[in-house]
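Working notes, structure below.
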Amino acid sequence: QFFICHAAIILSLIFLKCACIGLCLDKCCPEGWTQSGSRFFIFFYNSKTWINTELSCIEIGGNLASIHSSDDSRFILGGHDGVQEGVWQWTDGSPFDFKSWGYGAPNNYTGENCLSVNWGANLWNDYRCYYRLPYMCSIRPVPRTRSGH
Ligand SMILES: *[C@@H]1O[C@H](CO)[C@@H](O)[C@H](O)[C@H]1NC(C)=O
1 QFFICHAAII LSLIFLKCAC IGLCLDKCCP EGWTQSGSRF FIFFYNSKTW INTELSCIEI
61 GGNLASIHSS DDSRFILGGH DGVQEGVWQW TDGSPFDFKS WGYGAPNNYT GENCLSVNWG
121 ANLWNDYRCY YRLPYMCSIR PVPRTRSGH
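Following UniProt numbering, the numbering of the sequence shown begins with 1 at its first residue and continues without gaps.
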């Protein structure tokens, strides 16, 4: 189901809406969102720098999307190694427990600390964070477990 939604998103936003309405049935997503497991995803076509995409996602209650299996590796993502070079993290706080780097990536070529999907093969690439690209937010509608607070 979600794979079909994804294919549709790549084709066009119109297809996304059709896919959501048609395939995710009545309990689908809020308008524009696609459900996968416990999370909801939404894709934005307006290109922004990495930090501005993350801020946009936070504004609507989420983060840039993180990926945990090849099954859902498809969109602009919240991965970065901006805190420590070579140590990749997700902005939503989930563990970096899955990788789908494309050939040669990540290579930090002239300083690349942010993560995007290589659309050609659904593989990841590190890119320069100030480049403007479309992006994917995700939101988990249940409260996160907070330990030690
Ligand atoms: C990553 O690239 C930046 C900019 O070229 C450089 O300053 C930094 O040393 C590189 N880091 C590593 C681990 O190669």
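Just so you know, even glycine gets a beta-carbon here, dropped at the ideal spot from N, CA and C.
Note that the coordinates shown come from a computational prediction; the quantities given were computed from them, not determined experimentally.
Buried versus exposed, by CB contacts within 10 Å (16 or more), residue i
i      : result
Pro95  : exposed
Val117 : buried
Ile76  : buried
Ser38  : exposed
Tyr135 : buried
Ile21  : Confidence is the limiting factor: at Ile21 the pLDDT is only 41, short of 50, which leaves the residue's position unreliable and the question unanswerable from this model.
Cutoff 6 Å; reference residue i; Cβ partners in own chain excluding five residues on either side
i      : result
Thr91  : Glu54, Asn63, Leu64 and Gly78
Trp88  : Gly79, Asp81 and Phe96
Asn113 : His80, Asp81, Gly82 and Cys129
His149 : Below a pLDDT of 50, predicted positions are generally treated as unreliable, and His149, at 43, falls in that range; the measurement from the model is reported next regardless. Taken in chain order, the list of residues that qualify is empty.
Trp50  : Cys114 and Cys129
Option nearest residue i by Cα separation, candidates the options
i      : options                         : result
Asp126 : Arg39, Phe98, Gly111 and Gly32  : Gly111
Cys57  : Gly102, Phe43 and Ile67         : Phe43
Ser36  : Ile60, Ile67 and Gly61          : Ile67
Glu85  : Gly93, Tyr103, Asn108 and Lys99 : Asn108
Cβ pair residue i, residue j closer than 8 Å
i     : j      : result
Asp47 : Leu133 : Before going on, a small fix: residue 47 reads as Ser here, not Asp. Yes, these two residues count as a Cβ contact at 8 Å.
Gly61 : Ile139 : yes
Own chain partners of residue i with C-beta closer than 8 Å, once the 5 adjacent residues on each side are dropped
i     : result
Asp26 : Residue confidence is low: Asp26 scores 41 on pLDDT, short of 50, so the model does not pin down where it sits. Its coordinate-derived value is still stated next. Result list for Asp26: empty, nothing under 8 Å.
Leu13 : In this prediction, Leu13 has a pLDDT of 44, which is less than 50 and means its spatial position is unreliable; what the coordinates show is noted afterwards. Once the five neighbours on either side are set aside, the close Cβ partners of Leu13 are Phe43 and Tyr45.
Bridge partners - residue i, DSSP secondary structure assignment
i      : result
Leu64  : Cys137
Asp126 : Leu115
Val87  : Gln84
Thr34  : Phe41
Neighbourhood of residue i by C-beta, 7 Å cutoff - its chain only, sequence neighbours within 5 removed
i      : result
Asn52  : none
Ala105 : Trp124, Asn125 and Asp126
Trp101 : Leu123 and Trp124
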